[in-house]
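Structure, as structure tokens:
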Amino acid sequence: MIRFLTLVLITAWVSTGCTTFSETDPDFHELPPTLNFASVSKSSGPDPALLQPPTDPFRLGVGDLVEIEVLGIGASRRVCRVMPDGLIYYDLLYGFLAEGLTLIDLRDRLAVALSAHYQSPQIGVILRGVSSKRVWVLGRVNTPGLYALNQPSTVLEALARAGGLFTSRFSGTTEELADLKHSFLVRDGQLMPVDFYALLREGDMLQNIYLRDGDYVYLPSALSKQVYVLGAVNKPRAIGFMDQVTLVSSIASAFDVLPDAYTRRILVIRGRFADPKVAVIDYEAIRRGEAPD
């Protein structure tokens with residue numbers, strides 16, 4: 046069965062286009078250069094730079110755990126959490142800004158701050174837990190959820206942490222349960238050119254890029270039809286349907302648009318990743334009854 050991706054993207058992007066479309070409609074056109082969707086084509090593959098682990102030093106964020114000790118001072122070891130205000134509370138310091146610092150920065154700044162209470166203190170800082178850097182792994186995996194990026198991780202490593210692809214207990218295969226040809230990875234609102242079928246079925250390690258904080262990995266089911274509603278909605282998600290689905294019902298299933306959504310130009314993207322097409326829809330006209338849903 047040949048299946049296609051349909052994606053509704055609600056952004057602040059401005060362009061001119063049609064208000065109704067079909068796959069054979071001449072107004073249902075190639076994606077405009079403004080979107081730079083050529084990077085989504087899987088035929089070219091990911092940028093080789095994405096296959097290298099990140100070189101930027103880890104920076105602390107809210108929820109991270111650090112172990113701090115004044116070396117040589119008994120009972121000074123504490124495990125501190127970076128609080129929602131970005132501060133940690135250690136020893137005699139009444140709140141110390143840690144958010145955004147590297148471990149080396151934190152160590153050096155603590156040494157300066159604690160010098161008012163200790164003579165030439167030597168500080169030890171160890172990262173004990175990461176909560177601020179996370180990736181979503183959802184869809185047809187055994188344990189979908191939100192996973193901490195406590196170390197450089199690739200797509201395969203993230204899928205392994207999510208328990209691998211969901212397997213039917215009857216057939217013992219994932220062939221019909223995860224639609225790898227339409228699985229995708231979203232980063233900063235952009236689709237990344239990762240071919241999950243080539244990676245998981247053909248062993249193409251050139252698709253095994255390193256993940257970054259906030260990445261969204263989704264492996265849809267091959268057993269149902271789905272539309273992906275992304276962008277400025279209250280709950281970006283995949284919308285499953287049995288018969289037909291409209292734009293209004295899809296957006297309603299995503300708990301409506303955000304207040305700053307530019308609803309006069311909603312993008313409906315359809316087709317294969319290597320050859321996507323787009324229609325620009327005036328959602329406001331639909332809601333006013335001036336255009337069909």
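In my numbering, the protein residues as written are 46 to 338. Ideal placement from N, C-alpha and C gives every residue a C-beta, glycine not left out. The structure displayed is predicted, hence computed values, not measured ones.
Using alpha carbons as the reference points, say which of the options lies closest to residue i.
{"i": "residue 116", "options": "98, 159 and 183", "result": "159"}
{"i": "residue 169", "options": "90, 112 and 265", "result": "112"}
{"i": "residue 125", "options": "118, 140 and 119", "result": "140"}
{"i": "residue 272", "options": "263, 260, 286 and 278", "result": "286"}
{"i": "residue 259", "options": "323, 91 and 176", "result": "176"}
{"i": "residue 202", "options": "94, 254, 289 and 90", "result": "254"}
{"i": "residue 96", "options": "105, 136, 106 and 249", "result": "249"}
{"i": "residue 228", "options": "246, 263 and 247", "result": "263"}
{"i": "residue 265", "options": "289, 333, 297 and 189", "result": "189"}
Can you find the residues in the same chain that come closer than 7 Å, C-beta to C-beta, to residue i, ignoring five residues on each side of it along the sequence?
{"i": "residue 209", "result": "186 and 187"}
{"i": "residue 282", "result": "274 and 299"}
{"i": "residue 338", "result": "291, 292, 293 and 331"}
{"i": "residue 226", "result": "242"}
{"i": "residue 193", "result": "175, 176, 178 and 179"}
From residue i to residue j, what distance separates their C-alpha atoms?
{"i": "residue 101", "j": "residue 267", "result": "38 Å"}
{"i": "residue 206", "j": "residue 331", "result": "43 Å"}
{"i": "residue 309", "j": "residue 131", "result": "38 Å"}
{"i": "residue 237", "j": "residue 244", "result": "14 Å"}
{"i": "residue 144", "j": "residue 180", "result": "19 Å"}
{"i": "residue 235", "j": "residue 138", "result": "42 Å"}
{"i": "residue 183", "j": "residue 174", "result": "23 Å"}
{"i": "residue 78", "j": "residue 128", "result": "Residue placement at residue 78 is poorly supported in this model, since its pLDDT is 38, which falls under 50; the coordinates still yield a value, given next. Rounded to whole angstroms, residue 78 to residue 128 spans 43 Å at the Cα level."}
{"i": "residue 295", "j": "residue 154", "result": "50 Å"}
{"i": "residue 270", "j": "residue 293", "result": "17 Å"}
{"i": "residue 99", "j": "residue 322", "result": "33 Å"}
{"i": "residue 118", "j": "residue 151", "result": "19 Å"}
{"i": "residue 200", "j": "residue 161", "result": "47 Å"}
{"i": "residue 212", "j": "residue 191", "result": "20 Å"}
{"i": "residue 301", "j": "residue 222", "result": "29 Å"}
{"i": "residue 230", "j": "residue 157", "result": "43 Å"}
{"i": "residue 167", "j": "residue 148", "result": "14 Å"}
{"i": "residue 195", "j": "residue 171", "result": "13 Å"}
{"i": "residue 335", "j": "residue 251", "result": "48 Å"}
{"i": "residue 146", "j": "residue 109", "result": "12 Å"}
{"i": "residue 76", "j": "residue 198", "result": "Model confidence at residue 76 stands at a pLDDT of 42, short of 50, so the residue's coordinates are unreliable and nothing is read from them."}
{"i": "residue 92", "j": "residue 103", "result": "23 Å"}
{"i": "residue 312", "j": "residue 284", "result": "16 Å"}
{"i": "residue 204", "j": "residue 314", "result": "26 Å"}
{"i": "residue 246", "j": "residue 239", "result": "13 Å"}
{"i": "residue 90", "j": "residue 316", "result": "18 Å"}
{"i": "residue 326", "j": "residue 303", "result": "17 Å"}
{"i": "residue 328", "j": "residue 136", "result": "56 Å"}
{"i": "residue 94", "j": "residue 107", "result": "28 Å"}
Tell me the residue span of the beta strand (DSSP E) that contains residue i.
{"i": "residue 292", "result": "Not the beta strand (DSSP E): residue 292 falls in the alpha helix (DSSP H), residues 292 to 298."}
{"i": "residue 122", "result": "Residue 122 -> no beta strand (DSSP E), and no H or E assigned at all."}
{"i": "residue 183", "result": "179 to 184"}
{"i": "residue 229", "result": "229 to 232"}
{"i": "residue 283", "result": "282 to 286"}
{"i": "residue 247", "result": "Residue 247 -> no beta strand (DSSP E), and no H or E assigned at all."}
{"i": "residue 264", "result": "261 to 264"}
{"i": "residue 110", "result": "110 to 115"}
Can you list, in chain order, the residues of its chain whose CB lies under 8 Å from that of residue i, leaving out five sequence neighbours each side?
{"i": "residue 232", "result": "257, 259, 260 and 261"}
{"i": "residue 134", "result": "125, 128, 140 and 141"}
{"i": "residue 163", "result": "115 and 118"}
Looking only at its chain, what residues have a beta carbon closer than 6 Å to the beta carbon of residue i, apart from the 5 residues adjacent to it on each side?
{"i": "residue 114", "result": "121, 122 and 169"}
{"i": "residue 297", "result": "none"}
Can you tell me where the alpha helix (DSSP H) holding residue i begins and where it ends?
{"i": "residue 331", "result": "328 to 332"}
{"i": "residue 149", "result": "148 to 159"}
{"i": "residue 200", "result": "200 to 206"}
Contact between the region 295 to 312 and the region 276 to 283: three or more CB pairs below 8 Å?
yes
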